[in-house]
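**Student:** After the structure tokens below, expect a handful of questions from me.
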Amino acid sequence: MKSILDNRPQLAKQVANVAEVAGYLWQKGWAERNGGNITINITDVIDDEVRAMKPISEVFEIGKTLPNLKGCYFFCKGTNRRMRDLARWPMENGSVIRILDDCSSYEIIADNPVKPTSELPSHLSMHDYMISTGSGYKAALHTHPIELIAMTHKPEFLEKDKLTYLLWSMIPETRAFCPKGLGIIPYKMPSSVELADATVAALSEYDVVMWEKHGVCSVSSDIMEAFDMVDTLNKSALIYIAAKSMGYEPTGTSMEDMIALGKAFNLPK
Ligand code: 2HA
Ligand code: ZN
Numbered sequence: 000m001k002s003i004l005d006n007r008p009q010l011a012k013q014v015a016n017v018a019e020v021a022g023y024l025w026q027k028g029w030a031e032r033n034g035g036n037i038t039i040n041i042t043d044v045i046d047d048e049v050r051a052m053k054p055i056s057e058v059f060e061i062g063k064t065l066p067n068l069k070g071c072y073f074f075c076k077g078t079n080r081r082m083r084d085l086a087r088w089p090m091e092n093g094s095v096i097r098i099l100d101d102c103s104s105y106e107i108i109a110d111n112p113v114k115p116t117s118e119l120p121s122h123l124s125m126h127d128y129m130i131s132t133g134s135g136y137k138a139a140l141h142t143h144p145i146e147l148i149a150m151t152h153k154p155e156f157l158e159k160d161k162l163t164y165l166l167w168s169m170i171p172e173t174r175a176f177c178p179k180g181l182g183i184i185p186y187k188m189p190s191s192v193e194l195a196d197a198t199v200a201a202l203s204e205y206d207v208v209m210w211e212k213h214g215v216c217s218v219s220s221d222i223m224e225a226f227d228m229v230d231t232l233n234k235s236a237l238i239y240i241a242a243k244s245m246g247y248e249p250t251g252t253s254m255e256d257m258i259a260l261g262k263a264f265n266l267p268k
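So this is what it looks like as structure tokens:
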């Protein structure tokens with residue numbers, strides 16, 4: 000079957016990276032059934048031939064107007080599709096969409112009419128915001144990491160930056176590679192515009208945010224980086240839990256050492 004990826008090595012590489020990350024999410028146990036979703040902004044690797052491609056779906060409403068997305072293209076995991084299937088067959092379990100000129104609707108253009116993720120309002124709102132700040136960020140990931148979610152079931156950990164400092168203090172990597180920490184968004188209905196708006200508001204301060212008792216959202220220049228930040232944070236959560244299950248509260252790196260690390264690596268916080 001003909002694919003939009005044929006003779007487009009840059010686009011094919013980006014979709015292959017999404018498939019690779021989808022496989023990791025499944026292997027980690029973070030992607031039960033259809034849990035989680037991935038979208039990437041592929042506009043910079045789109046050519047005139049793709050721009051001229053006819054839609055293969057009806058026009059769908061996003062639910063929000065996102066002015067920076069005019070004429071943008073995204074590869075999106077499909078709604079109700081499994082990460083483990085996206086890993087093996089990305090073009091059967093995801094699709095390429097085009098945002099229409101009204102900035103509030105989209106159509107599917109390739110390869111199959113797979114309707115995008117139920118969290119599309121959040122994902123596209125994040126992309127709109129990332130364009131508006133000139134961040135160069137192109138990837139958004141939502142996943143269900145077990146230990147990080149477990150930690151949001153303790154009210155104390157929902158206080159601003161409480162988890163950030165705890166997770167940073169478990170291992171220097173987390174301080175270094177997740178330097179803005181972990182934002183917390185109080186529980187909201189999955190797929191809702193309220194969740195999308197709260198997520199975007201938190202992105203002015205964080206690259207990774209926790210949806211209380213649900214999962215994380217991570218944004219970055221590419222999907223591998225977005226995954227690595229969640230992986231690093233969850234590693235810290237696992238170290239914390241390992242210490243607790245051996246019967247003690249972990250000491251944690253001192254605030255002084257964390258500040259020194261921030262200075263040495265020129266970190267933003
Ligand atoms: O796409 O994870 O939040 C399935 C979900 C919804
Ligand atoms: Zn979810």
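For the sequence shown, the residue numbers in numbering that gives the first Met the number 0 are 0 to 268. Note that beta-carbon positions come from the ideal geometry of N, C-alpha and C, so glycine has one too.
1) By the three-class DSSP mapping on this structure, what secondary structure does residue 154 have?
2) Whose CB is closer than 7 Å to a heavy atom of the ligand 2HA? List the residues in chain order.
3) Three-state secondary structure (DSSP) at residue 66?
4) Just confirm the distance between the C-beta atoms of residue 21 and residue 90, as a whole number of angstroms; I'd bet it's less than 8 Å.
5) Is residue 1 helix, strand or coil by DSSP?
6) Which runs of the alpha helix (DSSP H) fall wholly inside the region 136 to 195 and span at least 4 residues, in chain order?
7) Please report how far the alpha carbon of residue 187 lies from the alpha carbon of residue 212, in whole angstroms.
8) Please report the distance separating the alpha-carbon of residue 58 from that of residue 147.
9) On the CB-based measure, 16 or more other CB atoms within 10 Å of its CB, does residue 182 come out buried or exposed?
10) According to DSSP, is residue 201 part of a helix, a strand, or is it coil?
11) Do residue 74 and residue 62 have their beta-carbon atoms positioned less than 7 Å apart in this structure?
12) Between residue 140 and residue 226, how many whole angstroms is the CB-CB distance? I'm expecting something under 8 Å.
13) Please confirm if the region 221 to 238 is in contact with the region 193 to 202, defined as three or more CB-CB distances below 8 Å between the two stretches.
14) Sort out for me which residues DSSP pairs residue 97 with in a bridge.
15) Would you list the one or two residues that DSSP bridges to residue 115?
16) Considering residue 209, what are the terminal residues of the alpha helix (DSSP H) in which it resides?
17) How about residue 169 and residue 235: are their beta carbons less than 7 Å apart?
18) Report yes or no: do the region 94 to 113 and the region 40 to 57 share at least 3 C-beta pairs separated by less than 8 Å?
19) Output yes or no for whether 7 Å exceeds the beta carbon distance between residue 178 and residue 115.
20) Note down the Cα distance separating residue 44 from residue 122, rounded to an integer number of angstroms.
21) Let's see if you can read the secondary structure: which residues bound the alpha helix (DSSP H) around residue 231?
**Tutor:** Quick answer:
1) helix
2) 33, 34, 35, 36, 78, 116, 117, 118, 141, 143, 189, 190, 213 and 214
3) helix
4) Contact flag wrong, Cβ pair sits at about 12 Å.
5) coil
6) 145 to 150, 161 to 167 and 171 to 176
7) Straight-line spacing of the CA atoms in residue 187 and residue 212 works out to 9 Å.
8) 37 Å
9) buried
10) helix
11) no
12) 6 Å
13) no
14) Under the DSSP definition of a beta bridge, residue 97 partners with 72 and 106.
15) Under DSSP, residue 115 takes part in a beta bridge, and its partners are 77.
16) Not the alpha helix (DSSP H): residue 209 falls in the beta strand (DSSP E), residues 207 to 210.
17) Their beta carbons are under 7 Å apart, which means residue 169 touches residue 235 by this criterion.
18) Yes, since at least three Cβ pairs between the region 94 to 113 and the region 40 to 57 fall closer than 8 Å, the two stretches touch.
19) Contact flag unset, no.
20) 19 Å
21) Counting along the chain, the unbroken alpha helix (DSSP H) around residue 231 starts and ends at 222 to 244.
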